[in-house]
Amino acid sequence: MKESKRRGINRRGFLKGAAVGAAGLVAKTPEVKAQQIQAARGTAAPLPSARTLAAETEPVSTDVDVLTADHPGSDFMVDIIKALGIEYIAANPGSSFRALHESIVNYGGNKNPELLTCCHEESSVFIADGYARVENKPMGVMAHSTVGLQHASMGIYNSFAGRVPVFIMLGNTIDVAERRPGVEWYHSAQDAAAMVRDYTKWDDLPISLTHFAESAVRGYKIAMTPPRGPVVLVADSDLQERPVEDLSRLHVPRLTLASPPAGDPVAVTELAKLLVAAENPVILGGAAIRTTEGMRLLVELAETLEVPVVGGKFPSRHPLNQQGGGLLRNADLIVGLQVADFWGTVNNVRDQLVRSSRLITKKEAKLVSISATDLYMKSNYQDFQRYTELDLAIAADVETTLPSLIESCKRLITADRKRVFEERGKKLAAAHAQALEQARTAAAYGWDASPISTARLSAEIWAVIKDKDWASVGGGAGRFWNVEKQYQTLLAGGAAGVGSNLPTSVGAALAHRKYGRFCVSIQNDGDFMYAPGAIWTAAHHRIPLLSVMHNNRAYHQEVMHLQRMANRHQRGITNAGIGTTIEDPNINYAMIARGMGIYAEGPITEPKDLGPALRRAAEAVTRGEMALVDVVTQPR
């Protein structure tokens, strides 16, 4: 208790001391006390006024607010967060988690976790999402009760659809007797997590610190168990602020992550037989690969069988990296690895007055899925897509299943099949080279055009980053970029919410920062305007990132939708720009960026000016800053 006496006074000690002091003073009036002081000082010093003396000597009221406290519950919450290994917590400040905020920065030293100041809760979640896609573990988010959670909801939904683990702590005041009058009632709810329950993997409302500790560890474990997803833990404000009476009764539970589920051995053997026997198999890469080892295993599987891989994380210059179309039409076996929309991949849908669809594969082609999605899904939000009739469905984590699948395939390969595989590999290598050459030819069209073509934009960026240890953290990697490592592109998947790219890029760049990687993002203009404050967060926290604007001055996908509707209704496309373009006035994104403290150039309209501008911006990124280049581009 020596620590308590030095740092502050507990409630009982304060009141006891106040009562004793009052008893000792009650017999002495201010006048008597003044005479005693006068005698002690001598006649030279003036007497204190009656008001001053009364304030200093009259009895202290026992009706006193205790303004200090040792060991608030929020300190223990920080102990739990540290034990989980959470490096950062993104937040826009809010009073419902004020104690936890203070404990993080003072008791916790603002280190593991470090608080990231965000300008919007949606940005907080998107930043955490981008971080998790790189680091393969959750980052923390704090949101301010009802209003903060509503702001954060789009980011949470995006993480849910993308199967990304995010650890969200939601401030809330449950007990009506503890709520301050007025605004705090609007910012409180009896079931605060209810509004996002349809698109979170799990949530809880702890009513004690022991409950909080167990639920925090449980929630982290649930978020990390495939299929992964965001979890919400409500942190009651009174639980945060109330002093802990007996620290010895509290315990930090040990985190033990669940082993990812591996495919059933019988089903894996059956798939191996199908792969070895198939004449034209295709692997759909999907969102299966999270780690360097995962990419190595996928490459090993593809090379063992000389099977083409379409999409997903696979080296871009590898001869088995192929485009989909013709391969799917001729395939006799299609294996989807954590594919979000298998039905949409093997069917073609015509967006016409009466929508129709047709199968693009052979009817006899066998369809196989390895996916953890089958292990967990919800009802209301339809992220599970159309039902696909499969020949074999393996409910498992892909990376965990690949080693046994590779070994099963190797045991079944005969000398004859190996020769067949080698011939297939040669044909695929030739097709890969041809496709690359065709893409180069197509990219040359409009090379010197203004506005700048997207192919020229991509090529100029590649010229700047190709000799660096680079990572694309938003907008995808260009067709000609040499993707060799799994971290060079982000884990695919999400709800395609506009406004996600900029803060997600900042979060991913934060994760890459400690590895010294050069991060680049291609940033759409419409997306930028949803959450531009993420730039300030990057500037404030010194997160290096090169953001290159794909500024076509429109929500161009919506332009095309309006054109399609106008054609369908036989009204012409003249007015398709109303409500869909971002012009009159044109937005100066470089000026916005400079106003938030980062290096910026543009708008650039001439192709010859693009390369030098990118190189200057790259120098700023190398110095540890964020930089933006605003490039006025063709629509697509």
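The sequence shown begins at 8 in the numbering used here and counts up by one. We put the CB at the ideal spot given by N, CA and C, even for glycine.
Buried or exposed (CB count within 10 angstroms, at least 16 for buried), GLY572: As a working note, residue 572 is residue 565 in the sequence shown. Here residue 572 is Met; the residue named in the question, Gly, does not match the sequence. Answer is exposed; the Cβ neighbour count stays below 16.
Which residues DSSP lists as bridging ILE680, in chain order: Not covered by the structure: residue 680. The range shown for the chain is 8 to 643.
Counted within 10 angstroms of its Cβ, other Cβ atoms place HIS194 as buried (16 or more) or exposed: In the sequence shown, residue 194 corresponds to position 187, counting from 1. Buried.
CB of LEU552 within 9 Å of CB of SER507, strictly: Locating residue 552 in the sequence shown gives position 545, counting from the first residue. Locating residue 507 in the sequence shown gives position 500, counting from the first residue. No, Cβ-Cβ distance for LEU552 and SER507 is not below 9 Å.
Cβ-Cβ distance between ALA150 and GLU128 below 9 Å: Position 143 of the sequence shown, counted from the first residue, corresponds to residue 150. Position 121 of the sequence shown, counted from the first residue, corresponds to residue 128. Result yes, Cβ atoms of ALA150 and GLU128 sit closer than 9 Å.
Opening and closing residue of the beta strand (DSSP E) in which THR124 lies: By one-based count along the sequence shown, residue 124 stands at place 117. That run of the beta strand (DSSP E) goes 121-124.
Residue nearest to ALA199 in terms of C-alpha spacing, selected from HIS576, ILE175, GLY504: Position 192 of the sequence shown, counted from the start, is the residue given in the question as residue 199. The residue with the shortest Cα to Cα distance from ALA199 is ILE175.
Backbone CA spacing between LEU216 and VAL239 [nearest angstrom]: Here residue 216 refers to the residue found at position 209 of the sequence shown. Here residue 239 refers to the residue found at position 232 of the sequence shown. Cα to Cα, LEU216 sits roughly 16 Å from VAL239.
Integer-rounded CB distance, given that ILE367 should sit under 8 Å from LEU334: One-based indexing of the sequence shown puts residue 334 at position 327. One-based indexing of the sequence shown puts residue 367 at position 360. Not a contact, Cβ separation roughly 11 Å.
Endpoints, beta strand (DSSP E) assigned at ILE111: Here residue 111 is taken as the residue at index 104 of the sequence shown, counted from 1. Looking at the DSSP string, ILE111 is not in any beta strand (DSSP E), and its letter there is neither H nor E.
Three-state secondary structure assigned by DSSP to ARG18: Stepping through the sequence shown from its first residue, residue 18 is reached at position 11. Note on ARG18: pLDDT 40, under 50, position unreliable in the model; the coordinate value appears next. ARG18: helix per DSSP, three-state reduction.
Secondary structure of LYS373, DSSP reduced to three states: For this step, residue 373 is matched to residue 366 along the sequence shown. Residue state, collapsed to three classes: strand.
Those runs of the alpha helix (DSSP H) which lie wholly inside the region 476-554 and span at least 4 residues: 508-520, 532-535, 540-547
For ASP243, three-class secondary structure by DSSP: Numbered from its first residue, the sequence shown carries residue 243 at position 236. ASP243: strand per DSSP, three-state reduction.
LEU312 vs PHE321 beta-carbon contact at 9 Å: Here the question's residue 312 lines up with position 305 in the sequence shown. Here the question's residue 321 lines up with position 314 in the sequence shown. No. Outside cutoff.
Alpha carbon of GLU446 to alpha carbon of SER460, nearest angstrom: Position 439 of the sequence shown holds residue 446. Position 453 of the sequence shown holds residue 460. Note on residue identity: the sequence assigns Ala, not Glu, to residue 446. So the alpha carbons of these two residues sit roughly 14 Å apart.
9 Å Cβ cutoff met for ALA402 and LEU382: Here residue 402 refers to the residue found at position 395 when the sequence shown is read from its first residue. Here residue 382 refers to the residue found at position 375 when the sequence shown is read from its first residue. Yes, they are a contact pair.
Stretch pair the region 100-108 + the region 148-165: three plus CB contacts closer than 8 Å: yes
Cβ pair count under 8 Å reaching 3, the region 595-605 against the region 533-544: yes
ALA634 in three-state terms, based on DSSP: Taking the first residue of the sequence shown as 1, we reach residue 634 at position 627. The answer is strand: DSSP assigns ALA634 an E or B state.
C-alpha gap between ASP398 and LEU419, whole angstroms: Taking the first residue of the sequence shown as 1, we reach residue 398 at position 391. Taking the first residue of the sequence shown as 1, we reach residue 419 at position 412. The straight-line gap from Cα to Cα measures roughly 20 Å.
ARG393 versus SER363 - alpha carbon distance: Within the sequence shown, numbered from 1, the residue matching residue 393 stands at position 386. Within the sequence shown, numbered from 1, the residue matching residue 363 stands at position 356. Taking the straight line joining both Cα atoms gives about 14 Å.
Where ASP210 falls: helix, strand or coil (DSSP): The residue given as residue 210 occupies position 203 in the sequence shown. Residue state, collapsed to three classes: strand.
Beta strand (DSSP E) segments (min. 3 residues) lying fully within the region 546-621: 552-558, 606-611
Within 9 Å, strictly: CB atoms of ALA515 and ARG170: If you number the sequence shown from 1, residue 515 lands on position 508. If you number the sequence shown from 1, residue 170 lands on position 163. No, the Cβ-Cβ distance between ALA515 and ARG170 is not below 9 Å.
Beta-carbon proximity of GLY115 to LYS89, cut-off 9 Å: One-based indexing of the sequence shown puts residue 115 at position 108. One-based indexing of the sequence shown puts residue 89 at position 82. Their beta carbons are under 9 Å apart, which means GLY115 touches LYS89 by this criterion.
For THR407, the nearest candidate out of PRO233, ALA518, TYR522, ASP253 (CA to CA): Taking the sequence shown and counting its residues from 1, one reaches residue 407 at position 400. THR407 has its Cα closest to that of PRO233, out of PRO233, ALA518, TYR522, ASP253.
First through last residue of the alpha helix (DSSP H) which encompasses ALA220: Counted from its first residue, the sequence shown places residue 220 at position 213. Start and end: 216-231.
GLN641 to ALA503 span [Cα, whole Å]: The count along the sequence shown starts at 1 and reaches residue 641 at position 634. The count along the sequence shown starts at 1 and reaches residue 503 at position 496. Taking the straight line from one Cα to the other gives about 22 Å.
Neighbourhood of ASP404 by C-beta distance below 6 Å, restricted to the same chain and skipping five residues each side: Translated into positions along the sequence shown, residue 404 becomes position 397. Counting only Cβ-Cβ distances below 6 Å, and skipping sequence neighbours, we find PRO233, PRO267, PRO268, ALA379.
GLN493 versus LEU517: straight-line alpha-carbon distance, rounded: Residue mapping note: residue 493 aligns to position 486 of the sequence shown, counting from 1. Residue mapping note: residue 517 aligns to position 510 of the sequence shown, counting from 1. Each residue's Cα considered, the two are about 17 Å apart.
Local conformation of ARG187 per DSSP, three classes: The residue given as residue 187 occupies position 180 in the sequence shown. Three-state DSSP puts ARG187 in coil, outside helix and strand.
Start and end residues, beta strand (DSSP E) containing HIS151: Here the question's residue 151 lines up with position 144 in the sequence shown. HIS151 -> beta strand (DSSP E) spans 147-151.
Straight-line Cα distance separating VAL317 from VAL353: Translated into the one-based positions of the sequence shown, residue 353 becomes position 346. Translated into the one-based positions of the sequence shown, residue 317 becomes position 310. Going from the Cα of VAL353 to the Cα of VAL317 covers about 13 Å.
Segment contact, 8 Å Cβ cut-off, at least three pairs: the region 518-532 with the region 552-569: yes
Sub-9 Å separation of VAL289 and ALA338 beta-carbons: Counting from 1 along the sequence shown, the entry for residue 289 is found at position 282. Counting from 1 along the sequence shown, the entry for residue 338 is found at position 331. Yes. Within cutoff.
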